[in-house]
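S.K.: First, the structure itself, so that you have it in front of you.
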Amino acid sequence: MKSSGVAKEVVFNNVLTLSFIWFPLTGFTVSIVLFYLYAEYGFNYLGVWGLIFTGFIVLFIMNLLLKYFSKNIRLYFTGNDMDIEINGQLQKIQKQDVVGLFAPDYENSKSSLISLQLCFKNGNKLDITDSKFTEKYDVGVNEVLKKDLRFILDELGFIKIRQSKSRAFKKQGAYWYAVG
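With our numbering, the residue at position 164 of the sequence shown is 183, and numbering never jumps.
Structure, rendered in structure tokens:
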């Protein structure tokens, strides 16, 4: 989080704006197609080494897709506006147009995974998900996420309302924050 004069901002680098479910589905689809092609055409020529090579190709393709879909997001708060900048494209939104957000409870949990979902009055949603998908806990990242979440909640006037069991099961932001 950076404070500069009137505008205050929160910056998320290398995050994904797609729903979490797209990545396992994409990985499964790419894997099935490549391993089918290998089983059908490559096994007779390449043997077991070809299977290992095919596994590396799957990992390489998934890594390229993650890099392609990764974005840098900045949330600017000025007065009654919230500006969302995604890779240089700016959208102005009124703060009262944000209905709520799903986020982990960084205060009481050991999580350093970015997983936020902003919900708007018009039904649109903005997912902000870490592109690393790691379970590793980093104290420094957790502290930054605590500060950023507190700042966003204070700017929007949100409090923790309830826990969403379906989002907790998928290890996404499990708590719903909205105006109390």
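C-beta atoms are modelled at their ideal positions from N, C-alpha and C, and glycine is treated no differently.
For a minimum of 4 consecutive residues, which ranges assigned as the alpha helix (DSSP H) are wholly contained in the region 61-146?
M.R.: As far as the region 61-146 is concerned, its whole alpha helix (DSSP H) runs of at least 4 residues are 62-88.
S.K.: Quick one, are the C-beta atoms of residue 200 and residue 119 less than 9 Å apart?
M.R.: Past the edges of the chain, shown from 20 to 199, lies residue 200, and the structure says nothing about it.
S.K.: In terms of residue numbering, what span does the beta strand (DSSP E) encompassing residue 55 cover?
M.R.: Position 36 of the sequence shown holds residue 55. It is not in any beta strand (DSSP E) - residue 55 instead sits in the alpha helix (DSSP H) that spans 41-56.
S.K.: If you draw a straight line from the alpha carbon of residue 200 to that of residue 117, how long is it in whole angstroms?
M.R.: The first residue shown for the chain is 20 and the last is 199, placing residue 200 beyond what the model contains.
S.K.: Let's see if you can read the secondary structure: which residues bound the beta strand (DSSP E) around residue 165?
M.R.: For the purposes of this step, residue 165 is taken as residue 146 along the sequence shown, with counting starting at 1. No beta strand (DSSP E) contains residue 165, which is instead part of the alpha helix (DSSP H) from 158-175.
S.K.: Restricting to Cα atoms, I'd like to know which of 88, 108, 112 is closest to residue 96.
M.R.: Counting from 1 along the sequence shown, the entry for residue 96 is found at position 77. Residue 96 has its Cα closest to that of 112, out of 88, 108, 112.
S.K.: Which residue wins for smallest C-alpha separation from residue 8, given the options 138, 176, 193?
M.R.: The structure shown has nothing for residue 8, since the chain only spans 20 to 199.
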